[in-house]
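Q:
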Amino acid sequence: MELRVTERTDEELSIEIAGEDHTFMNVLKGSLLEHEHINAATYDINPEQSGGQTDPILTLKTDGSIEPIDALEEAAGDIRTKAADFKSAFEAAA
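Going by the numbering used here, the residue at position 25 of the sequence shown is 183; the numbering climbs one at a time, nothing skipped.
So, in structure tokens, the structure goes:
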């Protein structure tokens with residue numbers, strides 16, 4: 159996975175995530191939106207203004223009480239935890 163920050167302020171972050179599709183981006187966006195300090199999270203796979211860019215760009219905005227990059231890290235950690243919990247539940251059910 160290749161990441162490239164395209165814009166960053168104290169409350170907003172836009173990051174290109176190379177090689178990912180709607181499946182991963184929806185999970186990541188959903189995890190961000192569950193965070194209490196996230197005001198908005200969205201992504202765009204092929205923005206018109208990009209001149210044909212096809213890798214998704216994730217954009218998130220915080221309420222200012224957390225750095226956007228820290229919120230992204232927490233969201234990724236939450237996904238990791240949920241995946242591990244699912245794996246354990248699946249193995250117990252099998």
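The C-beta atom is built at its ideal place from N, Cα and C for all residues, glycine as well.
1) When DSSP builds the beta bridges, which residues end up paired with Asp-179?
2) Quick test of your reading: Ile-227 and Leu-190, contact by CB under 8 Å. State the CB separation rounded to the nearest angstrom.
3) Reducing DSSP to helix, strand and coil, say where Ile-237 ends up.
4) Find out if the Cβ-Cβ distance for the pair Ala-234, Leu-216 is shorter than 9 Å.
5) Taking a contact to mean a Cβ-Cβ separation below 9 Å, would you say Val-185 touches Ile-237 in this structure?
A: On the basis of the supplied data:
1) Along the sequence shown, read from residue 1 onward, the residue named residue 179 stands at position 21. Per DSSP, none; premise fails for Asp-179.
2) One-based indexing of the sequence shown puts residue 227 at position 69. One-based indexing of the sequence shown puts residue 190 at position 32. With 8 Å as the limit, Ile-227 and Leu-190 do not qualify as a contact, their Cβ atoms being about 12 Å apart.
3) Along the sequence shown, read from residue 1 onward, the residue named residue 237 stands at position 79. In the structure shown, Ile-237 adopts helical secondary structure according to DSSP, grouped into three states.
4) Taking the first residue of the sequence shown as 1, we reach residue 234 at position 76. Taking the first residue of the sequence shown as 1, we reach residue 216 at position 58. Cβ distance not < 9 Å, so Ala-234 and Leu-216 don't count as in contact.
5) Sequence index remark: in the sequence shown, residue 185 carries index 27 (1-based). Sequence index remark: in the sequence shown, residue 237 carries index 79 (1-based). Closer than 9 Å, so yes.
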